[in-house]
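Under the numbering used here, think of the first position of the sequence shown as 238, with each following residue one higher.
For every residue, glycine included, the Cβ atom is placed at its ideal position computed from N, Cα and C.
Take a look at the structure set out below.
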Amino acid sequence: MAILVYAEHDNVSLKKATLNTIAAAKQMGDEVHVLVAGSNNQAVAEAVAKAEGVSKVLVADNAAYEHQMAENIALLVSDVAGGNYSHVVAAATTTGKNFMPRVAALLDVSMISDVTAVVDANTFKRPIYAGNATATVQTSESKIVVTVRTTAFDAVASEGGSASIETLDDVQNAGKSQFVSEEMAKSDRPELTSASIVVSGGRALGSEENFEKYIEPLADKLGAAVGASRAAVDAGYVPNDMQVGQTGKIVAPDLYIAAGISGAIQHLAGMKDSKVIVAINNDPESPIASIADYYLEGDLFSVLPELTSKI
238 MAILVYAEHD NVSLKKATLN TIAAAKQMGD EVHVLVAGSN NQAVAEAVAK AEGVSKVLVA
298 DNAAYEHQMA ENIALLVSDV AGGNYSHVVA AATTTGKNFM PRVAALLDVS MISDVTAVVD
358 ANTFKRPIYA GNATATVQTS ESKIVVTVRT TAFDAVASEG GSASIETLDD VQNAGKSQFV
418 SEEMAKSDRP ELTSASIVVS GGRALGSEEN FEKYIEPLAD KLGAAVGASR AAVDAGYVPN
478 DMQVGQTGKI VAPDLYIAAG ISGAIQHLAG MKDSKVIVAI NNDPESPIAS IADYYLEGDL
538 FSVLPELTSK I
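Here you go:
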């Protein structure tokens, strides 16, 4: 039986998280189909068809799916998954976390969330206790509903595939909710969850102005995304969408620079899979020191300007 993957997109372009999700799905089975639900989303379907490892693309193009309303998407996915599919797989993003539990309920099966490794088609590993332990979970259900932590899987190539594209006439409108508006944070910097370099600041920065003065210039020189600890977000230094951690965004860049972050458990859970971790802090006993590849003990207000000037 085939694996059904749900594609993440904005109706114009495919999000990289889908390529990571496809990589995870390939470890569950040989045949991978991708469902693209949206409005005027043909360009996205064509991009998915070129991805490595995809054998078929299913396109649901209707205004009911334009804003990825969970009520409508869940009905569509559960309907499609009721066919010849053994697994339903989505990224453990805001969108995936919103509709996949509904899919599991509609299919009357349990759900395995935030998978970080695939042992075999029925066995998976996922973090528990804020990432301090890893559980191995095995299921015997006929339909397996899974969300995957995309940072744990290397993305498949975006070119080289030649999947067929099939249009679905299936329109599922629950009629229980409607899209009103959205406010999108816009930035010229890379997206936090897909950036190869992340520079994060903590409560020690002391103010929004210091974030702009010390963190952002370094990030701009490195072409990096800007992140923050929950303490910095709660203090109002930066908006919520910059929060890295268990209750924020999970990142695993090639380089993670943490300035003035002590390393609370919930923050470490969101960034400890980074390839190289650099911590700048004046407390050598801080938790982040134990996981940092490079630890610089010093005053961040002196260290950051000097580091920025030498790049």
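Item                                                                                               : Value
C-beta contact flag for Leu492 and Lys512 at 8 Å                                                   : yes
Alpha carbon of Ala341 to alpha carbon of Ile498, nearest angstrom                                 : 38 Å
Length at least 3, wholly inside the stretch 247–332: the beta strand (DSSP E) runs in chain order : 269–275, 291–298 and 322–328
Buried versus exposed, by CB contacts within 10 Å (16 or more), Gly438                             : buried
Any 3 or more C-beta pairs closer than 8 Å across the stretch 374–390 and the stretch 254–263      : yes
Nearest-angstrom Cα separation, counted from Gly485 out to Asp478                                  : 7 Å
At least three beta-carbon pairs within less than 8 Å, the stretch 294–313 to the stretch 356–369  : no
At least 3 beta-carbon pairs within less than 8 Å: the stretch 361–381 vs the stretch 242–250      : no
Beta-carbon proximity check, Val481 vs Val475, cutoff 8 Å                                          : no
Pairwise C-alpha distance: Ile381 and Val346                                                       : 7 Å
Three-state secondary structure (DSSP) of Val383                                                   : strand
Range covered by the alpha helix (DSSP H) that runs through Val470                                 : Arg467 to Asp471
Presumed contact (8 Å Cβ cut-off) between Val296 and Ala284, rounded CB distance                   : That pair is no contact at about 12 Å.
Proximity to Asn278 [Cα-Cα], best of Ser379, Asp520, Glu403 and Ala328                             : Glu403
Local Cβ density within 10 Å of Thr255, reported as buried at 16 or more and exposed below that    : buried
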